[in-house]
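Student: Have a look at this one before I ask anything.
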Amino acid sequence: MPSRMIVTLATAAVMAGASVSANARDLSVVSWGGAYQAAQKKVYFDPFKQETKIPLSEESWDGGIGVLRAKVQGGNATWDVVQVESEELAAGCEEGLFVTLDWSKIGGKDNYIKQAVDDCGVGAILYDFVLGYDKDKIKNPPTSWADFFDTKKYPGKRGLRAGPKTTLEIALMGDGVPPQDVYKVLKTKEGVDRAFKKLDTIRNDLIFWKAGAQPPQLLASGEVALTSVYNGRIDAANHDNHRNFGISWNGALYTLDSWVILKGTPNLDASYKLIDYMGQAKNQAKLPEAIAYGVTAKGANALIPKARLADLPTSEENIAHAVQIDTAFWMENIDRLTERFNQWAATK
Amino acid sequence: MPRRSARRCPLRPEAPLTSHSIAEPLKELGIDPRPLKAQLRRAQRMRKLRAFALVLPLLLFLLLTFVAPILDMLRLAVFDNELASVWPQVTQTIRVWNDRSKLPPPAVFDALAADLAASYHARTLPTAARRLNYAIDNGRSLVFGTARQLPATSQDWAATLQKLDPRWGDLNTWAAIDQASGPTTSYFLLAAVDLKKTADGHIAAMPAEQAIYIDVLMRTFTVSFTVTLLCIVLGFPVAYLLATQPPGRANLLMILVLLPFWTSLLVRTAAWIVLLQEQGLVNNALIWLGIVDRPIRLIYNRVGVYIAMTHILLPFLILPLYSVMKGIKPSYMQAAMSLGASPTAAFLRVYLPLTLPGIGAGALLVFILALGYYITPALIGGAADQMISYFIAFYTSDTVNWGMAAALGTVLLIATLLLYWVYDRLVGISNVKLG
Numbered sequence: 000m001p002s003r004m005i006v007t008l009a010t011a012a013v014m015a016g017a018s019v020s021a022n023a024r025d026l027s028v029v030s031w032g033g034a035y036q037a038a039q040k041k042v043y044f045d046p047f048k049q050e051t052k053i054p055l056s057e058e059s060w061d062g063g064i065g066v067l068r069a070k071v072q073g074g075n076a077t078w079d080v081v082q083v084e085s086e087e088l089a090a091g092c093e094e095g096l097f098v099t100l101d102w103s104k105i106g107g108k109d110n111y112i113k114q115a116v117d118d119c120g121v122g123a124i125l126y127d128f129v130l131g132y133d134k135d136k137i138k139n140p141p142t143s144w145a146d147f148f149d150t151k152k153y154p155g156k157r158g159l160r161a162g163p164k165t166t167l168e169i170a171l172m173g174d175g176v177p178p179q180d181v182y183k184v185l186k187t188k189e190g191v192d193r194a195f196k197k198l199d200t201i202r203n204d205l206i207f208w209k210a211g212a213q214p215p216q217l218l219a220s221g222e223v224a225l226t227s228v229y230n231g232r233i234d235a236a237n238h239d240n241h242r243n244f245g246i247s248w249n250g251a252l253y254t255l256d257s258w259v260i261l262k263g264t265p266n267l268d269a270s271y272k273l274i275d276y277m278g279q280a281k282n283q284a285k286l287p288e289a290i291a292y293g294v295t296a297k298g299a300n301a302l303i304p305k306a307r308l309a310d311l312p313t314s315e316e317n318i319a320h321a322v323q324i325d326t327a328f329w330m331e332n333i334d335r336l337t338e339r340f341n342q343w344a345a346t347k
Numbered sequence: 000m001p002r003r004s005a006r007r008c009p010l011r012p013e014a015p016l017t018s019h020s021i022a023e024p025l026k027e028l029g030i031d032p033r034p035l036k037a038q039l040r041r042a043q044r045m046r047k048l049r050a051f052a053l054v055l056p057l058l059l060f061l062l063l064t065f066v067a068p069i070l071d072m073l074r075l076a077v078f079d080n081e082l083a084s085v086w087p088q089v090t091q092t093i094r095v096w097n098d099r100s101k102l103p104p105p106a107v108f109d110a111l112a113a114d115l116a117a118s119y120h121a122r123t124l125p126t127a128a129r130r131l132n133y134a135i136d137n138g139r140s141l142v143f144g145t146a147r148q149l150p151a152t153s154q155d156w157a158a159t160l161q162k163l164d165p166r167w168g169d170l171n172t173w174a175a176i177d178q179a180s181g182p183t184t185s186y187f188l189l190a191a192v193d194l195k196k197t198a199d200g201h202i203a204a205m206p207a208e209q210a211i212y213i214d215v216l217m218r219t220f221t222v223s224f225t226v227t228l229l230c231i232v233l234g235f236p237v238a239y240l241l242a243t244q245p246p247g248r249a250n251l252l253m254i255l256v257l258l259p260f261w262t263s264l265l266v267r268t269a270a271w272i273v274l275l276q277e278q279g280l281v282n283n284a285l286i287w288l289g290i291v292d293r294p295i296r297l298i299y300n301r302v303g304v305y306i307a308m309t310h311i312l313l314p315f316l317i318l319p320l321y322s323v324m325k326g327i328k329p330s331y332m333q334a335a336m337s338l339g340a341s342p343t344a345a346f347l348r349v350y351l352p353l354t355l356p357g358i359g360a361g362a363l364l365v366f367i368l369a370l371g372y373y374i375t376p377a378l379i380g381g382a383a384d385q386m387i388s389y390f391i392a393f394y395t396s397d398t399v400n401w402g403m404a405a406a407l408g409t410v411l412l413i414a415t416l417l418l419y420w421v422y423d424r425l426v427g428i429s430n431v432k433l434g
């Protein structure tokens with residue numbers, strides 16, 4: 000029956016051609032890859048495909064507003080839903096690279112914690128810069144950034160991120176500025192001077208790290224006694240490498256990664272459906288089991304086991320004395336303060 | 000014309016054989032009528048063309064990957080149309096601003112208001128805000144804050160704008176706009192050497208807390224120079240040993256030099272972290288031997304950078320030096336000593352001068368490579384040990400300030416070329432031998 004086969008093939012070809020010409024490519028979601036995206040796949044992407052029967056393709060990226068700019072301005076972007084950092088969210092929204100969200104399609108603004116709500120994006124995860132230490136070496140745990148600067152009470156070196164961002168905030172909190180006033184003080188010239196002066200007091204005890212993987216290693220090798228560190232790295236070191244690291248959540252600096260929809264997407268409805276799915280408390284509650292990031296749906300915390308919630312930045316206790324990193328402030332001042340930071344570092 | 004030459008030909012025996020009288024029958028016989036010299040020239044030209052075709056891919060490759068990026072970098076350091084591309088009116092109009100002791104004329108304020116409104120609408124305002132933020136403190140919030148509150152019309156834009164934000168009445172703000180108006184700017188290059196242009200057009204020093212790049216450049220050269228010196232001191236005996244051992248043992252030793260050479264830079268850097276840290280092998284050994292009683296700081300400072308970079312770059316000095324030493328005949332030394340020179344004198348006056356081309360080549364290689372080092376100082380150095388490539392990377396990938404990145408690159412390139420020129424004067428580049 001060769002003739003029937005030809006007919007079938009021809010039909011299939013025509014249908015395939017039709018679907019391509021209608022621009023019906025699959026919905027695509029883009030995240031950070033690695034263990035994190037693997038967890039997202041298990042918790043969000045695979046169940047979403049099963050429940051909605053919407054085909055979904057996955058990609059990963061390393062960030063950078065330039066990539067998004069090229070995708071959107073080039074037209075015919077191949078990405079729909081993308082996870083971005085706070086600075087990409089702000090810059091992309093200003094430049095009109097993202098769809099202005101219709102919150103009624105994703106459960107309304109009240110469905111989310113207030114930090115997760117933005118014109119162009121929905122917070123996906125919330126994570127912290129915290130004060131980390133090794134419980135095996137330090138018996139009376141440090142409770143604030145003031146302890147971080149107290150080399151008598153806690154002898155040993157201290158680790159901070161190379162560069163002014165988070166370092167200056169920590170210095171001000173160490174000097175007694177309450178977390179909620181940090182940026183108010185930092186926006187003044189006197190505030191910046193005050194932060195550098197505080198850093199001066201432990202200048203010879205400071206070690207600066209560059210990559211997020213470094214601080215747990217510095218703690219493990221005993222190179223530093225206290226360090227600023229991403230909370231997820233401490234959690235991973237405790238679980239995967241059987242460390243006994245502790246966290247002081249007081250004065251934690253947090254930031255969010257958000258989901259955005261690239262402008263011009265042919266899959267707008269499906270994009271909203273995916274974001275809505277990923278925004279539901281019952282789905283979000285499963286993510287922290289795999290990775291110690293806080294989630295943004297209001298009811299999610301209630302569904303997370305108590306023991307696990309204590310490790311998360313979003314638990315009521317942990318977020319009570321935390322402060323959100325001010326994206327707008329850093330977009331404006333990072334060049335100048337980086338120069339100043341390096342000038343400070345070079346003068347003995 | 001051909002006729003005449005044909006006629007004249009038989010009368011002049013020394014005339015070349017191009018004359019058509021002979022050419023015709025020669026052609027019929029299938030012999031190229033042109034003179035031998037021309038044929039040879041042609042053959043040589045063909046050969047040259049063929050040779051050129053062979054190197055053409057390499058030439059194109061070099062043009063694309065080496066010359067073009069450098070030219071583009073130089074262009075980025077001085078050309079600056081970022082602001083002009085999104086604020087076409089004010090960047091044009093501001094040219095009428097001649098009296099720098101007063102604010103620009105009203106037309107310039109009108110143009111600014113029109114540009115602000117248009118670019119806010121077209122969502123290109125972030126570009127203008129980013130560019131002005133380089134030179135104006137809190138320039139982003141100035142631009143965005145004004146654009147958000149901008150009324151649709153105004154009788155007097157100068158007054159309206161200054162009311163929205165008093166900084167529009169500041170001469171420095173307008174000088175910054177003027178300097179960013181393109182098509183070329185000196186802002187980035189000046190900033191890369193800690194200078195800036197003031198509102199009245201004079202060149203002045205950057206404020207002390209922002210003046211870091213001269214310091215960083217000097218640091219880059221100091222580190223590179225020290226590492227080169229350490230490599231010479233450590234590498235010379237090794238190369239000598241390699242060159243004077245019997246082949247079997249020399250090969251074994253050579254493997255010891257080459258193995259680390261083949262290992263990834265990142266791996267070697269990470270290995271040094273393990274060795275040099277406070278509880279690391281080196282410190283533990285020193286304490287065990289009783290040389291020190293407390294761990295000494297070998298990492299996250301300059302000492303660590305010197306140790307790791309010297310180790311990583313050492314093969315680049317040893318290899319050219321070794322091949323030069325291999326070419327020195329032992330009979331020279333023997334001759335010197337048989338003529339009465341002491342071993343030291345023979346070494347200093349005969350052997351050492353013969354190795355100079357190798358030292359020169361190795362030192363130049365190490366120095367130039369060290370100038371661009373980024374990962375090793377970033378991971379092993381402290382905040383005060385970062386070299387210029389750290390800042391180039393910061394501006395390229397962290398803040399997307401390509402003008403500044405290009406300007407720093409340009410300054411490094413010029414400084415390196417200057418040093419190369421000095422080196423050529425002192426050592427003579429023709430004396431450098433790579434093998």
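Chains A and B are the protein sequences, given in the same order.
Numbering of the first sequence is given in numbering that gives the first Met the number 0, commencing with residue 0 and proceeding in unit increments.
Numbering of the second sequence is given in numbering that gives the first Met the number 0, commencing with residue 0 and proceeding in unit increments.
For every residue, glycine included, the Cβ atom is placed at its ideal position computed from N, Cα and C.
Predicted model, so just to flag it, every value in this text is computed and none were measured.
#1: Give a yes or no on contact between the segment 378–393 of chain B and the segment 300–308 of chain B, applying the rule of three or more CB pairs nearer than 8 Å.
#2: Secondary structure at A:Ile124, three-state DSSP: helix, strand or coil?
#3: Any idea which residues DSSP pairs B:Gln43 with across the strands?
#4: Report yes or no: is there a C-beta of chain D within less than 9 Å of the C-beta of B:Gln385?
#5: Between the C-alpha atoms of B:Leu368 and B:Leu275, what's the straight-line distance to the nearest angstrom?
#6: In this structure, does DSSP put A:Glu94 in helix, strand or coil?
#7: Would you verify that the beta carbon of B:Ile93 is, or is not, closer than 9 Å to some beta carbon of chain A?
#8: Judging by CA-CA distance, which residue of B:Val54, B:Lys325 and B:Ala190 is the nearest neighbour of A:Asp334?
#9: Please confirm if A:Leu8 has its CB atom under 9 Å from at least one CB of chain B.
#10: Please state whether DSSP places B:Pro1 in a helix, a strand or coil.
#11: Mark A:Arg160 as exposed unless 16 or more other C-beta atoms lie within 10 angstroms of its C-beta, in which case mark it buried.
#12: Is the shortest distance between the beta-carbon of A:Gly131 and the beta-carbons of chain B less than 9 Å?
#13: Less than 7 Å between C-beta atoms, sequence neighbours within five positions excluded: which residues of the same chain meet that for B:Trp86?
#14: Going along the chain, which residues of its own chain have a beta-carbon closer than 6 Å to the beta-carbon of A:Lys285, five neighbours each way excluded?
#15: Helix, strand or coil: how does DSSP classify A:Ser56 here?
#16: Which residues bound the beta strand (DSSP E) around A:Val81?
#17: How would you label B:Arg46, buried or exposed, when you count the other beta carbons within 10 angstroms and need 16 or more for buried?
#18: Can you tell me whether B:Met217 is buried or exposed, with buried defined as 16 or more other CB within 10 angstroms of its CB?
#19: Just mark A:Lys136 as buried or exposed, buried being the case when its beta carbon has 16 or more other beta carbons within 10 Å.
#20: Anything in chain A within Cβ reach of B:Asn132, meaning under 7 Å, just list it in chain order.
#21: Closer than 8 Å by beta-carbon distance: list the chain B residues that pair up with A:Phe244, in chain order.
#22: Within a Cβ cutoff of 7 Å, which residues of the same chain sit near A:Lys134, ignoring the five residues on either side of it in sequence?
#23: Is the CB of A:Asn341 under 9 Å away from at least one CB in chain B?
#24: Would A:Gly141 and A:Ser247 be called neighbours here (beta carbons separated by less than 9 Å)?
#25: At a Cβ cut of 8 Å, what residues of the segment 204–215 of chain B count as close to chain A, listed as they run along the chain?
#26: Scan the segment 124–150 of chain B for residues whose Cβ lies nearer than 9 Å to a Cβ of chain A and list them as they occur along the chain.
#27: Hey, out of B:Val431, B:Tyr389, B:Ala50 and B:Glu81, whose CA is closest to B:Leu411's CA?
#28: Which one of B:Leu58, B:Met403 and B:Leu363 has the shortest CA to CA distance from B:Phe220?
#29: When you compare each of A:Glu58, A:Lys52, A:His320 and A:Asp256 to A:Lys40 by their alpha carbons, which one comes out closest?
#30: Can you name, in chain order, every residue of its own chain whose Cβ lies under 8 Å from the Cβ of B:Thr409, other than the five neighbours on each side?
#31: Give the residues from the segment 189–214 of chain A that approach chain B closer than 7 Å (Cβ to any Cβ), ordered along the chain.
#32: Go ahead and label B:Phe51 buried or exposed: buried means 16 or more other beta carbons lie within 10 angstroms of its beta carbon, across all protein chains shown.
#33: Take A:Glu316 as the anchor and find which of A:Asp325, A:Ile324 and A:Lys305 has the nearest alpha-carbon.
#34: Considering only residues of the same chain and omitting the five flanking positions on each side of B:Phe366, which have a CB-CB separation below 6 Å?
#35: Identify every residue that forms a DSSP beta bridge with A:Leu205.
#36: To be precise: take each residue of the segment 289–313 of chain A, compare its Cβ to all Cβ atoms of chain B, and keep it if any distance is under 8 Å. Which residues remain?
Tutor: From the atom records:
#1: A contact is defined here as three or more CB-CB pairs under 8 Å, and the segment 378–393 of chain B meets this definition with respect to the segment 300–308 of chain B.
#2: In this structure, A:Ile124 counts as strand in the three-state DSSP scheme.
#3: Bridge partners of B:Gln43: none, in fact.
#4: The question asks about chain D, but that chain is absent: this structure's protein chains are A and B.
#5: CA-CA distance, B:Leu368 to B:Leu275, rounds to 23 Å.
#6: If DSSP states are grouped into helix, strand and coil, A:Glu94 belongs with the helices.
#7: Cβ-Cβ to chain A under 9 Å: no for B:Ile93.
#8: Across the set B:Val54, B:Lys325 and B:Ala190, the C-alpha of B:Ala190 shows the shortest separation from the C-alpha of A:Asp334.
#9: Because A:Leu8 carries a pLDDT of 49, less than 50, the predicted location of this residue cannot be relied on, and the following value inherits that uncertainty. Not closer than 9 Å to any Cβ of chain B, the Cβ of A:Leu8 fails to qualify, so no.
#10: The pLDDT assigned to B:Pro1 is 44, lower than 50, so where the model puts this residue is not dependable; a value taken from the coordinates is nonetheless given after this. Helix.
#11: Result: buried.
#12: Chain B has no Cβ within less than 9 Å of the Cβ of A:Gly131.
#13: Excluding sequence neighbours, B:Trp86 sits near Asp114, Ser118 and Ala127.
#14: Residues of the same chain with a CB within less than 6 Å of the CB of A:Lys285, apart from the 5 flanking positions on each side, are Val42 in chain order.
#15: Assignment of A:Ser56 by DSSP, reduced to helix, strand and coil, places it in the strand class.
#16: Val80 to Val83 is the extent of the beta strand (DSSP E) around A:Val81.
#17: Exposed.
#18: With fewer than 16 other CB atoms across the displayed protein chains lying within 10 angstroms of its CB, B:Met217 is exposed.
#19: So A:Lys136 counts as exposed.
#20: For a Cβ distance threshold of 7 Å, residue set Glu331 of chain A lies close to B:Asn132, ordered along the chain.
#21: Within chain B, no residue has its CB atom less than 8 Å from the CB of A:Phe244, the nearest being about 17 Å off.
#22: The beta carbon of A:Lys134 sits closer than 7 Å to the beta carbons of Asn243, Phe244 and Gly245 from its chain, once the five residues preceding and following it are set aside; these are given in chain order.
#23: Cβ-Cβ to chain B under 9 Å: yes for A:Asn341.
#24: Residue identity check: residue 141 of chain A is Pro in the sequence provided, not Gly. Yes, these two residues count as a Cβ contact at 9 Å.
#25: Residues of the segment 204–215 of chain B with a C-beta less than 8 Å from any C-beta of chain A: Ala207, Glu208, Gln209, Ala210, Ile211, Asp214 and Val215, listed in chain order.
#26: Against chain A - using a Cβ distance shorter than 9 Å - the residues of the segment 124–150 of chain B are Leu124, Pro125, Thr126, Ala128, Arg129, Asn132, Tyr133, Asp136, Asn137, Gly138, Arg139, Ser140 and Phe143.
#27: Taking only the C-alpha atoms, the option nearest B:Leu411 is B:Tyr389.
#28: For the residues B:Leu58, B:Met403 and B:Leu363, the minimum Cα distance to B:Phe220 belongs to B:Leu363.
#29: Proximity to A:Lys40 across A:Glu58, A:Lys52, A:His320 and A:Asp256 peaks at A:Glu58, based on C-alpha coordinates.
#30: Excluding residues within five positions, the ones whose Cβ falls inside 8 Å are Met72, Leu73, Ala76, Leu188 and Ala191.
#31: So the close ones are Ile206, Phe207 and Lys209.
#32: B:Phe51 is classed as exposed because its beta carbon has fewer than 16 other beta carbons within 10 Å across all chains shown.
#33: Of the candidates A:Asp325, A:Ile324 and A:Lys305, the residue whose Cα lies closest to the Cα of A:Glu316 is A:Lys305.
#34: Excluding sequence positions up to five before and after B:Phe366, its CB lies within less than 6 Å of the CB of Ser223 and Thr227, all in the same chain and listed in chain order.
#35: According to DSSP, A:Leu205 bridges with A:Arg157.
#36: Those residues of the segment 289–313 of chain A that come within reach of chain B (Cβ to Cβ, closer than 8 Å) do not exist; the list is empty.
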